[in-house]
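Novice: Structure provided below as structure tokens; questions to follow.
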Amino acid sequence: MLSQAAQMLERFISVAVNTKYPDAPPSEDEFIAEANALRAAFPIPDEEFAQVVKNLKAALVITMDVGVYISNKNSDHQSWLPGRRAEIDFYYWNRFKRYLEDVKGWNTRVTANLETVSNDIVDLFGDPQSSKQWQRRGLILGDVQSGKTVNYTAICNKAADTGYKVIIVLAGTMENLRMQTQKRLDKEFAGRLSKDLLRLKGKQEVKNVFDGVGKIDSTKRISAFTSVLYDFNTSILNSNDLTLKNIKEPALFVVKKNKSVLRNLESWLCSNNADNSGKIDLPLLLIDDEADNASVNTRKEEEDPTAINAAIRSILNRFYQATYLGITATPFANIFINPETEDDMVGDDLFPRDFIYVLSPPTNYIGANAMFGEEAKYDKSIMKIDSEEIECFFPFKHKKDLPVDDLPPSLFEAMGYFLLTNAVRDIRGDIKDHRSMLINVSRFTDVQVKIRENIIVWLEQVKSDVRNYAAWDEEQALQIHSLNVLKQIWDKHRLEDIAGVSWRTLQMEYLHKAISPIEVRAVNQKTGAASLNYDAHEENGLRVIAVGGNSLSRGLTLEGLCTSYFYRNSQMYDTLLQMARWFGYRPNYSDLFKVWMSADVIDWYGYITAAANELKDEISRMNKHNLTPRDFGLKVRQDPNSLIVTARNKMRTATQVSRPISVTGKLLETPRLKSKPDVLAANERAFKLFVASLDSAGSRRDVEQNGLMWSGIHKDLIVELLYSFETHPWHMSFQGKALAEYIEKNPGFVEWDVFIPFGSDSVEFELEGANGVITLKREKRYVEEANGMIKVMGTKVRVGSGGCTKAGLTSDQIKAAEDSFRQLHPDRKNVPDSAYLIGDRKPLLMLHVLKSTQNEDEPANPKIPDTLYAIGLGLPGNGEIEAANYVVNMVEVSNWMDIDDDEDDDDVI
């Protein structure tokens, strides 16, 4: 940790550089000149100065683009903020901006773009100075842990400046998350510590303790109606004679999404603040943070989304002027997917009918694209867990009474790695920074407690061994089991190269001090927010191994998260994305953080990332064509990947799900197959019969891609293959029967191109053709089988390689498709397969002949054939939605769903 003098110097240099170079960062020489000029006033050692320079350089190069939005151009809403900007005193925004730049060290280019984004969004709100009644509904779509909170904090500050008088923030369903949000808004919006403000009268003296932005300027004050200690509480407000009528500045409420809390809030609002019509004449901004996280499947009456959403609507309708702003990290949001029909979706009073804004994260954000995208910078930070190993300890669908007598070897490795990274961060001088490790392998509180107990025993033994033997000579010390294991982990992960010190130095000088403060804590509804009380450890930093389930998965921020161990067999997009607490910012340790997870989940994250990117890309296209939130909602509802979320929402009812699904303009494949021998044999027969007919049904043509292409194949043959080829029901986005029916009835798609891509297998493979043997090279794929499902792995739940839809296109057509895509998305380097499914090409059928490879360290699975047959379907589209009728049999897929997966830990104790 830097000394106080070094911290002051860092702040002074930051302010000086931001002031002198507001529009473009200084050159290296200019920056060093500024730093050296100010250093004279702060005599600090060279090592500290070097760290100050390093920190500031990292902050200076960060940039953030503005986002993109679509809005309802048919509404009577008028832009109002630009015209009134000159007359508004942006007191709250300006002090927040100063706080970000002077205290948090943000560069002025990032705060300038944050200002632009917040201006754009607030301008989409209703005008609080208007004399008319209005109701506005909008949605912000961001990324997990990307800084959505700082965006809505900026929006709160701007809203307060422009005239909004009541600001309600719904902060998830759990108290620990509500407290975290309250603390953040206390510091960055209200400027006072709320824990000392609201108490039952007479219990304790009310104190004004300024914090965060309040230390910069406390001339104006936001009125706190909730606190860190108390959610909305009518008794406390009444005992302090607090009403909206007797305050001048905006009122802030930070409340849980809980039916009783919201109904009590509405009741108090009406009885204390409403006029004779039962309405309140004050502009309201209601921000629904994590708008998608009230579980559709919860058994808890207090968290029933139908009741919660009804309570939210009721509060909004109590105000003559109200803006509702939902915030979500997934485009597969329930507001789009859960309604039974399109009319129900648009008719929902919380539907973002007025605008949808997609945020762009700063360049130092490490998110899904950085870890699982096509050009992932941090893919080496992912460590694979052997599924068979961990299934021996924490089987899928285990119960709450699961005995935990030992832990998986990979978990011991991950924990050992966390201990070592603490020492490395100490070496780097980050001694007072928080450090966290996340362990999420079970949703049951009872199981989590047993895991914690096992970890405590292990950790105390390691601490004891290090305390007693780390000072020994290296050779002697490595005779001790704990130290020997840590040394193996050190070597395996090449930490000497990263840390810049030898094992001997680390062992003798740093290890004991680094690991002694580490604690193991359970994080669930029982333990509450106190289990991760980072604020109580500001002086020295909290070092913690956090063991939890869903409480770790819903918006909770783990400070200094360096190591994560995640094994949850969920394939629900929104659930998996929310569980990814390792997304975020890793200042000064981006080279250290690691995530342990299974190969299957790694594949799913890759698939989810691509699916979410495609939907976000749609916002850019829709913006260009002046389309509306209704159009986007329909696009999400009819995306093939929405079916998983739909199925999850219906799984308690076990009813059949029938929905029109858009199948044009995207590649649909079969990476999940049934492992029943008779099903695989039938698929092989259908595949080979189809191949045998190609030479007589169409004509071969030369293509630039490596493989064989036939053109002029009539759709009847395609339909017959699709009817005959059976896939696993869990891969819902490919339904052969629905696709066959759609193609059969569609007057287009008469003539097809059929392509067999060649792979890298060294052995030639033969198929029978109408004019003799067809020789090809099989595509090598790693394949696993479990519980009746064959899974093509390592390809992000794909079969073909990226860009395979180029097949049959000329180089000019490929270039035109890529140019068209990049024109809309200039920041995207990789072009998705859907970009090549352009409107004027023939529909494409891909025939994949796969050479199965298995784990060489384990006996071969006899259920996996040496050669697998899979297909891919590419129907060209021009942006118009054309839908096939997909049906999901919930009884058939129920064995592949963790039905309680979205339940709170409290419900499964």
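In terms of the numbering used here, the numbers along the sequence shown are unbroken and rise by one, the last being 1187.
We put the CB at the ideal spot given by N, CA and C, even for glycine.
My guess is that Pro303 and Val339 are in contact by the Cβ rule of under 8 Å, so how many angstroms apart are they, rounded?
Specialist: Pro303 to Val339, Cβ: 7 Å. Contact.
Novice: By DSSP, does Thr1053 sit in helix, in strand, or in coil?
Specialist: DSSP places Thr1053 in strand when its eight states are reduced to three.
Novice: May I ask you to list the residues that DSSP assigns as paired with Phe671?
Specialist: Looking at the DSSP assignment, Phe671 forms no beta bridge with any residue, so it has no partner.
Novice: Buried or exposed for Gly556, going by 16 or more other Cβ atoms inside 10 Å?
Specialist: That one is exposed.
Novice: For Glu787, tell me which candidate among Asn486, Glu752, Asp582 has the shortest Cα-Cα distance.
Specialist: Here the closest residue by C-alpha is Glu752.
Novice: Using the C-alpha atoms, what's the distance from Tyr1114 back to Ala889?
Specialist: Whole-angstrom Cα-Cα distance: 16 Å.
Novice: Would you please state the rounded distance, in angstroms, between the beta carbons of Leu810 and Val422? I believe it to be under 8 Å.
Specialist: The pair is not a contact, with the Cβ atoms about 18 Å apart (cut-off 8 Å).
Novice: Quick check on Ile705: does DSSP put it in helix, strand or coil?
Specialist: Correct three-state label for Ile705: helix.
Novice: Under a three-way DSSP split, which group does Gln413 fall into?
Specialist: Here Gln413 sits in strand by DSSP.
Novice: Quick check: the Cα distance between Pro1140 and Leu951, rounded to an integer number of angstroms?
Specialist: Going by the C-alpha atoms only, they are around 15 Å apart.
Novice: Where does the unbroken beta strand (DSSP E) through Ser773 begin, and where does it stop?
Specialist: The residue you asked about is not Ser; residue 773 is Leu in the sequence shown. No beta strand (DSSP E) holds Leu773; the alpha helix (DSSP H) holding it covers 773-777.
Novice: For Arg963, does the count of other Cβ atoms within 10 angstroms reach 16, so buried, or fall short, so exposed?
Specialist: So Arg963 counts as exposed.
Novice: For Arg979, count neighbouring C-beta atoms within 10 Å of its own C-beta (all shown protein chains included) and say buried if the count is 16 or more, exposed if not.
Specialist: Exposed.
Novice: Taking the continuous alpha helix (DSSP H) assigned at His759, which residues delimit it?
Specialist: Element bounds for His759: 759-770.
Novice: If you run the structure through DSSP and keep just helix, strand and coil, what is Asp324?
Specialist: In this structure, Asp324 counts as helix in the three-state DSSP scheme.
Novice: Taking just the CA atoms, how far does Gln599 sit from Ser592?
Specialist: Going from the Cα of Ser592 to the Cα of Gln599 covers about 13 Å.
Novice: Just to confirm my understanding: we take Arg730, look at its own chain, exclude 5 residues before and 5 after, and list those with CB closer than 6 Å. What are they?
Specialist: Within the same chain, Arg730 has close Cβ partners Val798, Ala800, Val825.
Novice: If you drop the 5 nearest sequence neighbours on each side, which residues of the same chain put their C-beta closer than 8 Å to that of Asn296?
Specialist: The residues are Glu379, Asn385, Thr386.
Novice: Which class does Gln1132 belong to by DSSP, given the choice of helix, strand or coil?
Specialist: DSSP places Gln1132 in coil when its eight states are reduced to three.
Novice: Taking C-beta to C-beta, are Leu716 and Ser842 nearer than 8 Å?
Specialist: Yes, these two residues count as a Cβ contact at 8 Å.
Novice: Kindly give me the distance between the Cβ atoms of Phe320 and Met286, rounded to whole angstroms, as I take these residues to be in contact under 8 Å.
Specialist: Rounded, the Cβ-Cβ distance is 6 Å, consistent with contact.
Novice: Can you grab the Cα-Cα spacing for the pair Ala607 / Leu419, in whole Å?
Specialist: Ala607 and Leu419: Cα-Cα distance of roughly 6 Å.
Novice: What is the DSSP secondary structure of Phe1012, counted as helix, strand or coil?
Specialist: Coil, per DSSP.
Novice: In whole angstroms, what is the alpha-carbon distance linking Ser898 and Glu817?
Specialist: Each residue's alpha carbon lies about 45 Å from the other.
Novice: What's the C-alpha gap between Ser989 and Tyr1147?
Specialist: Their Cα atoms are separated by approximately 21 Å.
Novice: Give me the Cβ distance between Pro949 and Arg1076, rounded to the nearest whole Å; I'm assuming they're in contact under 8 Å.
Specialist: Their Cβ separation, rounded to whole angstroms, is 6 Å, which keeps Pro949 and Arg1076 in contact under 8 Å.
Novice: Suppose you measure from the CA of Val539 to the CA of Pro583; what does that come to, to the nearest Å?
Specialist: Going from the Cα of Val539 to the Cα of Pro583 covers about 14 Å.
Novice: In terms of residue numbering, what span does the alpha helix (DSSP H) encompassing Gly450 cover?
Specialist: From DSSP, Gly450 is part of no alpha helix (DSSP H); its letter is neither H nor E.
Novice: Residue range of the beta strand (DSSP E) that Ser977 falls in?
Specialist: From DSSP, the beta strand (DSSP E) with Ser977 extends over 977-979.
Novice: Note down the Cα distance separating Phe674 from Pro687, rounded to an integer number of angstroms.
Specialist: If you take the alpha carbons of Phe674 and Pro687, they lie about 18 Å apart.
Novice: Distance, Cα to Cα, Ile634 vs Ile758?
Specialist: Using only the alpha carbons, I get a separation of about 59 Å.
Novice: Can you have a look at Gln726 and say buried or exposed, based on whether 16 or more other CB atoms are within 10 angstroms of its CB?
Specialist: By the 10 Å Cβ count, Gln726 comes out buried.
Novice: Assuming Glu667 and Thr942 are in contact, meaning their beta carbons sit under 8 Å apart, how far apart are those beta carbons, in whole angstroms?
Specialist: The pair is not a contact, with the Cβ atoms about 43 Å apart (cut-off 8 Å).
Novice: What are the boundary residues of the beta strand (DSSP E) that His992 is part of?
Specialist: Residues 985-992.
Novice: By a C-beta neighbour count over all protein chains shown, 10 Å radius and 16 as the cutoff for buried, is His1009 buried or exposed?
Specialist: Classification of His1009: buried, given that the 10 Å Cβ count is 16 or more.
Novice: Considering Cα atoms alone, identify which of Ile348, Asp489, Asp567 is closest to Gly450.
Specialist: The shortest C-alpha separation from Gly450 is found at Asp567.
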